[in-house]
Amino acid sequence: MNSTFNTFYYFTDFLIISIIVLPLFFWTQKPVVRRMILILTTSYLLFVIAPRLLLFYFLFWLSIWIAQISLATKQRSSLLIILIIIFLAPLIIWKLYPAEFNIQFNLITHQLLKQISQRLWEIDAVRHLLIPIGFSFATFRAIDLLIQTHLGLINTLTLDRILYFGFFPPVLIVGPIIEYREIELAPVAMTSFKLQYLTEGITRIIIGMTKIFVLAYPLQLSSEIFNNFDQNSSWIIWSSLFLFSWFFYLNFAGYADIAIGSARLYGFRIQENFNFPYFQPNIQAFWANWHISLTRFAQRNVFIPLGGFRPKTQYFAIIATIMVIALWHDLSFPLILFGCYHGFALCIHRYWDNRRKTLKQKPTTSQIWIIIKQLVTFLFVMLGFPLMMLPISQIMPFYLALLGY
């Protein structure tokens, strides 16, 4: 037994079952029925992977429902902080102790199934050991929901709405980190099927598959440079790092396209997650267009509350925000370095941008200068990837190897 999981298989199953689900979804005009259809669809997909995963996510979102009711009843900031800590704790433990957490996660959820149904327990027993698939995305979506509830931006939701938000099938595995409002209003507006939904959805899915299998797949071996850089010359390391940068982006963005396209089949238009990040003229623009849903989550829940637009606190807010983004990927010292690397660059950019505005200098419109800035920004981003991919002991040797030492 292993802990492997193929994201593409999940979307393949979802698109196949959509042949049946999609007509049912548009046949009914009642939002509550549409919500139940999508909840049951995801329940089936999770059951196919492993019944324990279905049980886990049901209990997780049930607890979010209870927490939201508590927040609506007691409008206290202290309660919100306690709830955020409670729901962040499992994610933090998983990031710090992945092997131990995965074992306990599988054992506990598997044994809980036995208390519910012997038959489900037997079915689950032959499934692979799994990591809590999509848990990072689910945790941040849940926390965002609780914060917006506390701020009065969202009313208390019924359990079926909470499960609908939590079980929304296109974003369950690889995001984006959607807000409830993105899928709340859509069922009311969508009264009937439109061919536009089908054509736009299929087109976006094809674009995503092209990025993954045509463009990214041939580049996947470039990641091997992080394992054998000490056996290669400087120019091979540079070229491999360049190719890996594109592999990382195309693979991630491709799955985001499939998720967005899958949602579009059902009439939903969820937010973009990437917008040509490698063609941006500065590091701030890069982060505004890279993993957009995560960046926006951090902006509204970290950057703004910490005073990101106030002169005295703006730089602290920038560092804190990029640290949240970095550590969401993994709680490790290399990711702290990654956060510092990008955080300091963002602070420098903010300083010069403020200085330019103070001096009332207009940004250059020279096309050549813009291209140069795009190349410099891409080079900076590319040189940051080793901080994500290597253990701390290998980071300095890698950069020295880049320089030919």
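Residues 9 to 413 in our numbering are what the sequence shown spells out, letter by letter. Virtual Cβ for every residue (Gly too), placed ideally from N, Cα, C. Given the structure is predicted, the values throughout are model-derived calculations rather than measurements.
Three-state secondary structure assigned by DSSP to E108: In the sequence shown, the residue the question calls residue 108 occupies position 100. If DSSP states are grouped into helix, strand and coil, E108 belongs with the helices.
For F276 and L410, what's the separation of their Cα atoms in angstroms? Position 268 of the sequence shown, counted from the start, is the residue given in the question as residue 276. Position 402 of the sequence shown, counted from the start, is the residue given in the question as residue 410. Near 45 Å, if we compare the C-alpha coordinates of L410 and F276.
From what residue to what residue does the alpha helix (DSSP H) around S71 run? As a position in the sequence shown, residue 71 is number 63, starting the count at 1. Counting along the chain, the alpha helix (DSSP H) containing S71 begins and ends at 59-81.
Quick one: is P371 buried, meaning 16 or more other Cβ sit within 10 Å of its Cβ, or exposed? By one-based count along the sequence shown, residue 371 stands at place 363. With fewer than 16 other Cβ atoms within 10 Å, it is exposed.
Cut-off 7 Å between Cβ atoms - residues of its own chain near I181, not counting five sequence neighbours on either side: Along the sequence shown, read from residue 1 onward, the residue named residue 181 stands at position 173. The residues are T15, Y18, I141, G142.
Compare the C-alpha of F255 against each of V222, S200, S125, Q279 and name the closest. Within the sequence shown, residue 255 is the residue found at index 247, counting from 1. Closest option to F255, Cα to Cα, is V222.
For the alpha helix (DSSP H) containing D361, list its first residue and its last residue. On the sequence shown, position 353 is the one that residue 361 refers to. Unbroken alpha helix (DSSP H) run through D361: 341-366.
With H, G and I counted as helix, E and B as strand and the rest as coil, what does DSSP make of K381? As a position in the sequence shown, residue 381 is number 373, starting the count at 1. Reduced to three states, the DSSP call for K381 is helix.
Simplified DSSP assignment, three categories, for G174: The residue labelled residue 174 in the question sits at position 166 within the sequence shown. Note: G174 maps to helix in three-state DSSP.
Compute the Euclidean distance between the alpha carbons of Q382 and N290, then round it to the nearest angstrom. Looking up residue 382 in the sequence shown gives position 374. Looking up residue 290 in the sequence shown gives position 282. Those two C-alpha atoms are separated by around 7 Å.
Counting pairs of Cβ atoms below 8 Å between the region 91-108 and the region 150-163, do you hit three or more? yes
Limits of the alpha helix (DSSP H) - the one that V134 falls within: Position 126 of the sequence shown, counted from the first residue, corresponds to residue 134. First-last for V134: undefined, no H or E at that position.
When DSSP labels each residue in this structure, what does L408 get in the three-state scheme? Numbered from 1 along the sequence shown, position 400 holds the residue referred to as residue 408. Here L408 sits in helix by DSSP.
Quick check on I330: buried or exposed, where buried means 16 or more other Cβ atoms within 10 Å of its Cβ? Residue 330 sits at position 322 when you count from the first residue of the sequence shown. Result: buried.
Can you give the Cα-Cα distance for I24 and L53, rounded to whole angstroms? Translated into positions along the sequence shown, residue 24 becomes position 16. Translated into positions along the sequence shown, residue 53 becomes position 45. Looking at the two C-alpha atoms, the distance is approximately 11 Å.
When the distance is taken between beta carbons, is I185 closer than 8 Å to F305? If you number the sequence shown from 1, residue 305 lands on position 297. If you number the sequence shown from 1, residue 185 lands on position 177. Cβ atoms of F305 and I185: closer than 8 Å.
Rounded Cβ spacing between F386 and Y286 (contact assumed at less than 8 Å): Translated into the one-based positions of the sequence shown, residue 386 becomes position 378. Translated into the one-based positions of the sequence shown, residue 286 becomes position 278. With a Cβ gap of about 5 Å, F386 and Y286 count as contacting.
Quick one: Cα of F479 to Cα of Y205, how far? Look at the range of the chain in this structure, 9 to 413, and you will see that residue 479 is not part of it.
E190 beta carbon less than 8 Å from that of I278: Working through the sequence shown from its first residue, we reach residue 278 at position 270. Working through the sequence shown from its first residue, we reach residue 190 at position 182. A contact, by the Cβ cut-off of 8 Å.
Among H357, L128, R363, which one has its Cα closest to the Cα of F294? The residue labelled residue 294 in the question sits at position 286 within the sequence shown. Of H357, L128, R363, the residue nearest in Cα terms is H357.
Leaving out five residues on either side along the sequence, give the residues of the same chain with a beta carbon under 7 Å from the beta carbon of A328. As a first step, residue 328 is located in the sequence shown; it is residue number 320 there, counting from the start. Same-chain partners within the cutoff: V310, L314.
Can you have a look at V389 and say buried or exposed, based on whether 16 or more other CB atoms are within 10 angstroms of its CB? Your numbering for residue 389 matches position 381 in the sequence shown. Result: buried.
Taking just the CA atoms, how far does Q123 sit from W298? Here residue 298 refers to the residue found at position 290 of the sequence shown. Here residue 123 refers to the residue found at position 115 of the sequence shown. The alpha-carbon atoms of W298 and Q123 are separated by roughly 44 Å.
For H350, which residues of its own chain have a beta-carbon under 6 Å away from its beta-carbon, when the five flanking residues on both sides are left out? Here residue 350 is taken as the residue at index 342 of the sequence shown, counted from 1. Around H350: I330.
Extent of the continuous alpha helix (DSSP H) run through F16: By one-based count along the sequence shown, residue 16 stands at place 8. Start and end: 15-35.
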